[in-house]
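Here's the structure we're looking at; comments come further down.
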Amino acid sequence: MSSDQNLSADVVIVGSGVAGSSIANELVRAGISVVVLEAGPRVDRQHFVENFRNLENKPSYQGPFPSTPWAPHPPNQITPNKYLHTTGPNAEAYQQVYLRMMGGTTWHWAGCAWRYLPSDFELKTRYDQGRDWAVKYEDLEPFYYQAEVMMGVCGPDPKVEDLGSPRAQPYPMDALPLSYAAQQFRQLIAEQTPWRVVHEPQARNTRPYDGRPTCEGHNNCMPICPIGAMYNGSYSVYHAEAAGAKFVTNAVVYKIERDEANKKVTAVHYYDPDKGSHRVTGKYFVIAAHCIETAKLLLVSADEKSPTGVANSSDQVGRNMMDHTGVQVTFISGDKSLWPGRGPLETNVIDNFRDGDWRGEHGAYLVHMVDDNQVDFATQLAISKGYVGKDLEEQIRYLASHTVRLFSHNEALPDPDNRLTLSKTNKDALGIPHPEVYYKLPEYTVRSCEHTRGVFKQLIGLMHGTDEEWTPGYFPQDHPSGSTIMGTDPKNSVVDGHCRTHDHDNLFIASSSVFSTVGTGNITLTVAALALRVADTLKKELLHA
Amino acid sequence: MTRNGNGSFPGHLNASPNAIRTSQSLRLMRRDVLLSGFGAILAYGIGGGSSEAAGVTTDPNIAQFMDISCRMTDRQHLDPQVGAALYNGIIHSVPERKAQLSKLYNIMKSNNPGTSAELAKAAEQADPGFKDVIHDIMIGWYRGVADGKVVVYRTALMFDVTKDAIYPKTYAAGGPFYWTTQPPEVERPTGQPALSASPFVVEPT
């Protein structure tokens, strides 16, 4: 056992994803010392690009990102899983994937950068469902913009295409031009349905931005943008490091130490890969370690003073697990060729199902027509049908140009029974328990998915589709949230509206784990906005105390 | 996709990235060396010779594999280095494939089929087990995969047959916003399957 007693900073951050690295960057540029502890290794983009090209199962988003023995992450979305053990009636619907390495899971996000709607923060008040957040849209609006500037988000002019989230400033970059396939889809929806297709806000460059190039449409946003035109957390790491933040990789935090009164955190302890233990002290601590790992760390830190886990006097740590569980269908369009996969992956959305009085009955959702290169899929499908030679080649061209994939992000609700606990039987190489999640899909979400299936059937009919392949059941969208839920009442929530834990004055959480409801869009921009608000709070307290 | 005035792609060699790579296919790529093995290097020589299927190898099994492959793809030219790597991968994955490929070669020689479809039908009629052998060949050449490993990515034939419309992921070269233009129209094919259908299994993510 080695011990490094010297590591200390004003603020100690656990996790180097978009939340942790952006807080580090903000603080260090304000003259505040920062140490960031990252469980996984330091990595670089080209390594992942090469891994992707050599990957046989190209749609495996985790495939290019192998984990380390000391910081395992789920290898895939297969149940049973080697790391994230899911149980319950809808275990497969919660088989999330994420990454434990420098930069975090945004290495393989699709760059979809939605602001939530004002109503998303007031679901209980407006629709008598779920909970209200302890923060309102207008509180977060300046931080949404700050996050958009930090990432480099492109989006439509609200005077032309209002996405429903009021803006004080325009998007930092013009909207991404729609692909030919998306243009055709947009026209079809406009002419034959009461709905609309909008430009999806994207954290990818439509002009050179922040030292990164304009998107060239490699169609590989997930799992890895090969040129860095799409933002990921590593860029905030690089900025923070350049300004003087210290990042320690392969540092697996396993204990959160508090003072005698159990009111303040005094240190965190981490293992290096050889299980040498190190103690890091600070004035403030931020856990920004992904929804699942954050809850796991709080639970694994249980001791005599906090027998159910740190920051867990409410018994809500690990509960209220949510996701945008989705519906997916692939079919062959009978109309003109679309050739999806020319350009970025996700550029267009039907947004008519984000809000309405019906949210009192079922969850909201987004519909994506995925712009995914279908050549490999077409090839496998045509071979399975029995084609060979020239006939196979003609089938590949036809199927690749006519395959359409639709999927949805459907809203969940917080349910305390949907709970993350520590595995009693599975441990990692350092002896830390794996996470387990019990999941039963809320009826609110089930009804939402049923509504989505009806819409998808209508769309398939409009496109004269055949060969429908519905993904069985419900599939996870890797937007886990809720495990350290936000609220005004310390009896039923873990953090307050500033993401400060109710139990410990100097412990903050920056993660989707604080979400009170899961909202109606991809989670990352809201994670970043909340994180930047945490940074703002810390700056005020440290610089003006 | 951005094209210049005469309708061809801009840039090097007036071709898509796939075609550029194909034109360089005789250059011994590191991955090919690793996967095809030293014996195959000796058989084909380094950087020389023709890309004709026949007449470049001293390994009769690989030569037969190349003949079968040309018939099954209805092509006269296939890359022998890729072929050697695919053959080695296929027989490593399923050792019985070595004898099965030899039998398939004999069927081809005795039936003298004029098309891939004729050979596939004759083979499956002779033994339903040949369907899996032919699948391995098709997956090898069109997906660039054998033994569950990527032998080639950008030069897999599935990208060759779609290169007028779309780039392999991570290899786009049309410049920003190329994707806004109209890609080529593809009419519904009239050809029929030569083999009986198999379950289509999508690999989990």
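These protein sequence lines are chains W and C, in that order. Residue numbering for the first sequence follows numbering that gives the first Met the number 0, starting at 0 and increasing by one per position. Residue numbering for the second sequence follows numbering that gives the first Met the number 0, starting at 0 and increasing by one per position. We put the CB at the ideal spot given by N, CA and C, even for glycine. Predicted model only: the values in this text are computed from it and were never measured.
Specify the secondary structure class of residue i as computed by DSSP and reduced to three states.
i	result
residue 459 (chain W)	helix
residue 97 (chain C)	helix
residue 475 (chain W)	coil
residue 35 (chain C)	Unreliable positioning characterises residue 35 (chain C) in this predicted model, as indicated by a pLDDT of 38, which lies under 50. The coordinate reading is nonetheless provided below. If DSSP states are grouped into helix, strand and coil, residue 35 (chain C) belongs with the helices.
residue 42 (chain C)	Note that residue 42 (chain C) scores a pLDDT of 37, beneath 50, so its modelled location is shaky; the value from the coordinates is reported in the next line. Here residue 42 (chain C) sits in helix by DSSP.
residue 48 (chain W)	helix
residue 94 (chain W)	coil
residue 389 (chain W)	helix
residue 84 (chain W)	strand
residue 122 (chain W)	helix
residue 426 (chain W)	strand
residue 154 (chain W)	strand
residue 191 (chain C)	coil
residue 281 (chain W)	strand
residue 382 (chain W)	helix
residue 181 (chain C)	coil
residue 485 (chain W)	strand
residue 508 (chain W)	strand
residue 357 (chain W)	helix
residue 469 (chain W)	strand
residue 245 (chain W)	strand
residue 421 (chain W)	strand
residue 202 (chain C)	coil
residue 12 (chain W)	strand
residue 236 (chain W)	helix
residue 159 (chain W)	coil
residue 536 (chain W)	helix
residue 22 (chain C)	With a pLDDT of only 33 at residue 22 (chain C), under the threshold of 50, the placement of this residue in the model should not be trusted; the figure read from the coordinates follows. Helix, per DSSP.
residue 36 (chain W)	strand
residue 493 (chain W)	coil
residue 70 (chain W)	strand
Determine the burial state of residue i: buried for a count of at least 16 other Cβ atoms within 10 Å of its Cβ, exposed for fewer.
i	result
residue 46 (chain C)	Residue placement at residue 46 (chain C) is flagged as unreliable, the pLDDT there being 32, under the threshold of 50; the coordinate-derived value follows with that caveat. Residue 46 (chain C) comes out exposed.
residue 57 (chain W)	buried
residue 168 (chain W)	exposed
residue 137 (chain W)	exposed
residue 12 (chain W)	buried
residue 426 (chain W)	exposed
residue 542 (chain W)	exposed
residue 317 (chain W)	buried
residue 193 (chain W)	exposed
residue 343 (chain W)	buried
residue 168 (chain C)	buried
residue 384 (chain W)	buried
residue 124 (chain W)	exposed
residue 176 (chain W)	buried
residue 370 (chain W)	buried
residue 303 (chain W)	exposed
residue 195 (chain W)	exposed
Identify every residue that forms a DSSP beta bridge with residue i.
i	result
residue 270 (chain W)	W:251, W:276
residue 349 (chain W)	W:196, W:366
residue 480 (chain W)	W:321
residue 407 (chain W)	W:366
residue 145 (chain C)	C:148
residue 166 (chain C)	BP columns for residue 166 (chain C) are empty, so no partner.
residue 264 (chain W)	W:257
residue 435 (chain W)	W:84, W:420
residue 201 (chain W)	W:111, W:153
If you measure from the beta carbon of residue i to each beta carbon in chain D, is any gap under 8 Å?
i	result
residue 415 (chain W)	Absent from the structure is chain D; the protein chains it does hold are W and C.
Return the residues of the stretch 205 to 224 of chain W that lie within a Cβ-Cβ distance of less than 7 Å from chain C, sorted by chain order. 213, 214, 215, 216, 217, 218, 219
If the cut-off is 8 Å on Cβ atoms, which residues from the stretch 42 to 54 of chain W count as contacting chain C, listed in chain order? 48, 51, 52, 53, 54
Could you list the residues in the stretch 380 to 391 of chain W with a C-beta less than 8 Å from some C-beta on chain C, going in chain order? 380, 382, 383, 384, 385, 386, 387, 388, 389, 390, 391
Interface positions of the stretch 162 to 178 of chain W facing chain C (Cβ-Cβ less than 8 Å), listed along the chain: 176, 177, 178
Report the residues of the stretch 118 to 146 of chain C with a CB closer than 7 Å to any CB of chain W, ordered along the chain. 119, 133, 134, 137, 138, 141, 142, 144
Can you give me, in chain order, the residues of the stretch 395 to 409 of chain W that have a beta carbon less than 7 Å from any beta carbon in chain C? 395, 396, 397, 399, 400
Chain W contacts from the stretch 177 to 188 of chain C (Cβ-Cβ distance under 9 Å): 177, 178, 179, 180, 181, 182, 183, 184, 185, 186, 187, 188
Give the list of continuous beta strand (DSSP E) stretches no shorter than 3 residues that lie fully inside the stretch 287 to 355 of chain W. 327 to 331, 347 to 349
Can you give me, in chain order, the residues of the stretch 55 to 66 of chain W that have a beta carbon less than 8 Å from any beta carbon in chain C? 55, 56, 57, 58, 59, 60, 61
What residues in the stretch 326 to 342 of chain W have a beta carbon less than 7 Å from any beta carbon of chain C? 335, 336, 338, 340, 341, 342
Within 7 Å of chain C by C-beta, residues of the stretch 350 to 378 of chain W in sequence order: 372, 374, 375, 378
Any C-beta of chain W within less than 7 Å: which residues of the stretch 153 to 168 of chain C qualify? 157, 158, 160, 161, 164, 165, 168
Selection of the stretch 69 to 99 of chain W by Cβ proximity to chain C, strictly under 9 Å: 75, 76, 77, 96
Suppose only complete runs of 4+ residues qualify. What are the alpha helix (DSSP H) ranges in the stretch 56 to 86 of chain C, listed by chain order? 59 to 72
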